Structure formats: structure tokens, C-alpha cells
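Shown next, in C-alpha cells, is the structure this report addresses.
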Amino acid sequence: MNGLFWFRYDLRLHDNPALVKLAQQCEQLVCVYAVDTQASMGAFRWQFIRESLADLQQQLAALGQTLVIRVGQPDAIISELIQTHGIQIAGATPVPATYEQRQLTNVKQTCPQCQWVETESFTLFDARQLPFNVNKLPDSFTPFRKQVEQIAVAQPLPRPQHLPAPLPSASDPLPEFSTPEADSNTLPFSGGETAGLAQVRYYLHDTRQVSRYKLTRNGLDGWDFSSKLSPWLAQGCVSPRQIVAELQDYEAQYGANDSTYWLYFELLWREYFQWLHYRYGNRLYLLRGIRNQDPLLSKNPKALAGWCEGKTAAPFVNAFMHQLRNTGWMSNRGRQIVASYLINQLGVDWRDGAAWFEAQLIDYDPASNWGNWQYLTGVGTDPRGRREFNIGKQQREYDPAGAFVGKYSHRHAQRTS
């Protein structure tokens, strides 16, 4: 039986249950990634994905497999491969993202003869583990956390030792495709499963920074103040279950504290937004949000452009926006501050801010990005309504000496001179 595995947001071999199950049911296997060059993303994420694909190709080659990379409309690419190569069974990891879900549906409709193997690994839990039906997901984080916090997280699967042979007719060389080129990145993100697992080890075992996470997580710049695992999670180079397994191993070896718990707490926030997307789908992208509440915001292209370019009346906000453009990265604190400014001081439609983050962030994750923007706007899952940050107070607390503002104002001046 000929099989096809569609790599999407699971660019790894460890803990990839859909790939393992599919491999057990076919004699020959096409491993494919479809490059959607129409996707909204900047140079830093493109670079990260290129590196991730190169690493995945090396991992597959060690098992006698190869990664077929095609460029174009993903659903059309996968459908054509299924039909051309007589694929009888295909596999994919479910993704809580409307566009990607629609693509998979299109392929299934175009190729009804093909069976599908789908097993969740983008989230910590699968739907069967949840103590409620997905349609009954709590409308705020705290009750969700209290119900799932004690659920045992499944152990991640090891890297497969064998995979079926590739289909020779589908094994093409890596195609050339044009993407924006990233400037020299000031943060050492390197895409791929190998680098992702190395970062897990670095943050937990090599430096033990995880034991200070709760104290340092509101930092604005630098490498060690937070785990920096989100880009690898977003592309599926590491799974959340792998991180939890390493965290549990760390706690068994060195002891648990508030900081090690807080890393798990943040993974539960990520988890909540994924299941929120499964419950509400397209409503995460609508102005009125899941609450169906008018946020009293409007389109303002001039104000939006000033915010995107870091040309607002608030130097602290500008520094964050310059950081984003220069690195593809912004701290969680920074994201909240600039989102609050766009919404509350500029009165701009929150969806325009979310779309800019989608285009710029190296760690863009649909559910987390749009869910967080709704949360801050007051049309999502925060029972307290809209969040408004006092920008001056935030700067006094987190950048009292002005080092962060000075650094990114100088860097912006260099870029524009």
C-alpha cells in the first residue's frame, strides 16, 4: 500500500504519532511538505522554516527516506500527489487553524478514495483526555486550568527506527523558491528538531534557567530570561509533550519550584488557546470575537502604519515595534503593551494588529496569536473585559534606565540612515 505523510506544523520525527501510525500501514511512503509562498510571513519565519526543513530532510535521510518539497497551493499539491502516485492512505497531524483545516478538507473531498490517519500531537492532550466535550470548553482560562492541570500528560513517542521506503517517482530534488531574506538576526534562533531539542536541554538542564523562570519571564531583551521555545513549538519542531517530559525529569532531578510550575502554567495557556480554536473556529478572527461584543474600534490606516513602523507618540512602544522588525521576536510583556496601545490609545481594529503579528513573528501560532489579541481587546476569554496598560508605568517598571528604548531607537536609526 502506498502512503503519504503531509508534514505541516509537526516538523520532527520524535513524538509524531500520526507518522508512526501511517508508517505501520504502508509499504512505500511519500513524505511531503508544501511551501505556501502566499502565506503571510516575514523573513525571519521563512528562514526558520527553511532551516527546519533542511534538518527534517537530514533526519529522514538517516532512515532511508526523503522529504519531497513542493511549492504552490498546498491542497492542490497534496491532491495531485495522491492521484498521481496511487496513494491509498495518507496521514497528517490535526492543526487548530481555520486555513489549514480547510486545506485538509479540500484534499479529502478531491481524493475521496484515500484513507486518512490523523493523530493529535500539536497539543498536550487529545480530546479524549479532556474532562469535558470540546463544545463545553470553559470560556475563561482558570476553570480550564483547574480541570486539566492534574491530567497525566502522555509520554512522548521516541524517534522511529524505521520508515517505509520512499516512492522513487515522487522523490524530487529540493525546488528553488523565493522568500524574503532575513537580516542578521540578533537572537540565535535556528530552525529544526535538532536545534529545538538542544534549546530544551539548554534552558532546563545546561543552565537550569527554568528554576528562575517566574522571576525573569517579564524581561524585554536577551536570550535567557524566557525559554524561547515558542518558535519550535509553533512549527512543531518539538512537541509540548516533549517539553513536559523534560520538565518532569528536571523536577525529579533538581526539585520543583514556582518557576518550574510556571513553565507548565504557560504551556497550559497555549493549550487553552488551541482548544479555544477547535471550539470557536473562525470566530477567533472576527471583530466582535467569541463574545460577539462590539469593541468600538475602527480602521485607521495612518495610525496603524505609524504603529507598525514604530512611529507613535510612545518611545517605549516604538522600541518594541523596532525590535519586532529587527528580530522577528518580541517578549510576552512587549506584545501586551503594544497591543494595548493600538487598541486603547489609537482605537485601531485589533485584527489589524493581529495580522501584523502574523506577518512578522518568528513564533506565529494562529490560535495563540488571535486568542491573545481577543483576550486583550475584551472580546475573548478575559472575564474582566478589555485590558489597558499604563505605558509610562510599564516603562518605569520594566525599563527604568531606558536601556531597551535606547538600544532599539539606535538600531532603528542605523537602519534608516
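Residue numbers (the working numbering): 731 to 1147.
Beta carbons are placed, not taken as given, at the ideal position from N, Cα and C, and that holds for glycine.
Computed from a predicted structure; not experimentally measured.
What is the DSSP secondary structure of residue 696, reduced to helix, strand or coil?
-> Summary: the structure shown does not reach residue 696, with the chain confined to residues 731 through 1147, and so no result is reported for it.
Hey, quick one: how far does the beta strand (DSSP E) through residue 736 stretch, first residue to last?
-> Residue numbering aside, residue 736 sits at position 6 when the sequence shown is read from its first letter. Run containing residue 736: 732–737, per the beta strand (DSSP E) assignment.
Nonlocal neighbours in the same chain, by C-beta distance under 7 Å from residue 1054, ignoring five residues either side | Position 324 of the sequence shown, counting from 1, holds the residue named residue 1054. Counting only Cβ-Cβ distances below 7 Å, and skipping sequence neighbours, we find 1060, 1090.
Residue 746 by DSSP, collapsed to three states: which one?
-> Looking up residue 746 in the sequence shown gives position 16. Three-state DSSP puts residue 746 in coil, outside helix and strand.
Quick one: grab the DSSP three-state call for residue 1138.
-> Counting from 1 along the sequence shown, the entry for residue 1138 is found at position 408. Residue state, collapsed to three classes: helix.
How big is the Cα-Cα spacing for residue 1119 and residue 1069?
-> The sequence position of residue 1119 within the sequence shown is 389, counting from 1. The sequence position of residue 1069 within the sequence shown is 339, counting from 1. If you take the alpha carbons of residue 1119 and residue 1069, they lie about 9 Å apart.
Runs of alpha helix (DSSP H) wholly within the region 929–1009 (minimum 4 residues, chain order) = 943–946, 960–964, 970–984
Other residues of its chain near residue 762: CB distance less than 8 Å, five sequence neighbours each side excluded | Within the sequence shown, the letter at position 32 stands for residue 762. The residues are 734, 735, 736, 737, 797, 798, 799, 800, 807, 808, 811, 900.
Beta strand (DSSP E) containing residue 848: first to last residue?
-> The count along the sequence shown starts at 1 and reaches residue 848 at position 118. Where residue 848 is concerned, the enclosing beta strand (DSSP E) stretches over 845–848.
Minimum C-alpha distance to residue 895 - residue among 752, 1094, 988 = Stepping through the sequence shown from its first residue, residue 895 is reached at position 165. It is 752 whose Cα lies nearest to the Cα of residue 895.
So residue 1083 is in the alpha helix (DSSP H); what residue range does that whole segment cover?
-> Stepping through the sequence shown from its first residue, residue 1083 is reached at position 353. Element bounds for residue 1083: 1080–1090.
Please determine, among 1063, 885, 1102, 1096, the residue with the shortest C-alpha to C-alpha distance to residue 1080.
-> Taking the sequence shown and counting its residues from 1, one reaches residue 1080 at position 350. Comparing Cα-Cα distances from residue 1080 to each of 1063, 885, 1102, 1096, the minimum goes to 1102.
Residue 884, enclosing beta strand (DSSP E) - first and last residue = The residue you call residue 884 lines up with position 154 of the sequence shown. Residue 884 -> no beta strand (DSSP E), and no H or E assigned at all.
Based on the DSSP secondary-structure assignment, which residues constitute the bridge partners of residue 1045?
-> The count along the sequence shown starts at 1 and reaches residue 1045 at position 315. Beta-bridge pairing links residue 1045 to no other residue.
DSSP beta-bridge partners for residue 800?
-> The count along the sequence shown starts at 1 and reaches residue 800 at position 70. 764, per the DSSP bridge assignment.
Anticipated Cβ contact below 8 Å, residue 921 with residue 780, distance rounded = Translated into the one-based positions of the sequence shown, residue 921 becomes position 191. Translated into the one-based positions of the sequence shown, residue 780 becomes position 50. At roughly 7 Å, the Cβ-Cβ gap stays under 8 Å, so residue 921 and residue 780 are in contact.
Any idea which residues DSSP pairs residue 821 with across the strands?
-> Working through the sequence shown from its first residue, we reach residue 821 at position 91. In DSSP, residue 821 forms a bridge with 735, 847.
In the structure shown, what three-state DSSP assignment does residue 831 receive?
-> On the sequence shown, residue 831 is found 101 positions in, with the first residue counted as 1. Helix at residue 831.
Where does residue 895 sit, in a helix, a strand or coil, going by DSSP?
-> To locate residue 895, count along the sequence shown from 1; it is residue 165. Correct three-state label for residue 895: strand.
How is the alpha helix (DSSP H) around residue 1065 delimited, first residue to last?
-> Here residue 1065 refers to the residue found at position 335 of the sequence shown. Residue range 1062–1070 is occupied by the alpha helix (DSSP H) that includes residue 1065.
What residue does the alpha helix (DSSP H) around residue 876 start on, and which one ends it?
-> Indexing the sequence shown from 1 puts residue 876 at position 146. Element bounds for residue 876: 871–878.
Proximity test, residue 844 beta-carbon vs the ligand SAH heavy atom, cut-off 8 Å | This structure simply doesn't include the ligand SAH, nor any ligand for that matter.
Could you please give the first and the last residue of the uninterrupted alpha helix (DSSP H) stretch that includes residue 787?
-> As a first step, residue 787 must be located in the sequence shown, where it is residue number 57. Residue 787 -> alpha helix (DSSP H) spans 773–791.
Can you tell me which of 1058, 1097, 1023, 1042 puts its alpha carbon nearest to the alpha carbon of residue 1107?
-> Start at 1 with the first residue of the sequence shown, and residue 1107 comes out as number 377. Ranking the options by Cα distance to residue 1107, first place goes to 1023.
May I ask you to report which of helix, strand or coil DSSP gives residue 811?
-> For the purposes of this step, residue 811 is taken as residue 81 along the sequence shown, with counting starting at 1. When secondary structure is reduced to three states using DSSP, residue 811 falls in the helix class.
When you compare each of 1086, 772, 1122 to residue 1198 by their alpha carbons, which one comes out closest?
-> The requested residue 1198 does not occur in the structure, where the chain is confined to residues 731 to 1147.
Rounded distance between the beta-carbons of residue 1111 and residue 954, thought under 8 Å = The sequence position of residue 954 within the sequence shown is 224, counting from 1. The sequence position of residue 1111 within the sequence shown is 381, counting from 1. That belief does not hold up - the Cβ atoms of residue 954 and residue 1111 are roughly 30 Å apart, past 8 Å.
Spell out the partners DSSP gives residue 1028 in its beta bridges.
-> Mapped onto the sequence shown, residue 1028 falls at position 298. Residue pairing for residue 1028: DSSP places it in a beta bridge opposite 1078.
Identity of the residue in 1008, 931, 1003 nearest residue 972 by Cα | Numbered from its first residue, the sequence shown carries residue 972 at position 242. The candidate whose alpha carbon is nearest that of residue 972 is 931.
Would you tell me roughly how many angstroms separate the C-alpha atoms of residue 985 and residue 994, rounded to the nearest one?
-> Mapped onto the sequence shown, residue 985 falls at position 255. Mapped onto the sequence shown, residue 994 falls at position 264. Taking the straight line from one Cα to the other gives about 14 Å.
Inter-residue Cα distance where the pair is residue 748 and residue 821 | Here residue 748 refers to the residue found at position 18 of the sequence shown. Here residue 821 refers to the residue found at position 91 of the sequence shown. So the two alpha carbons sit approximately 6 Å from each other.
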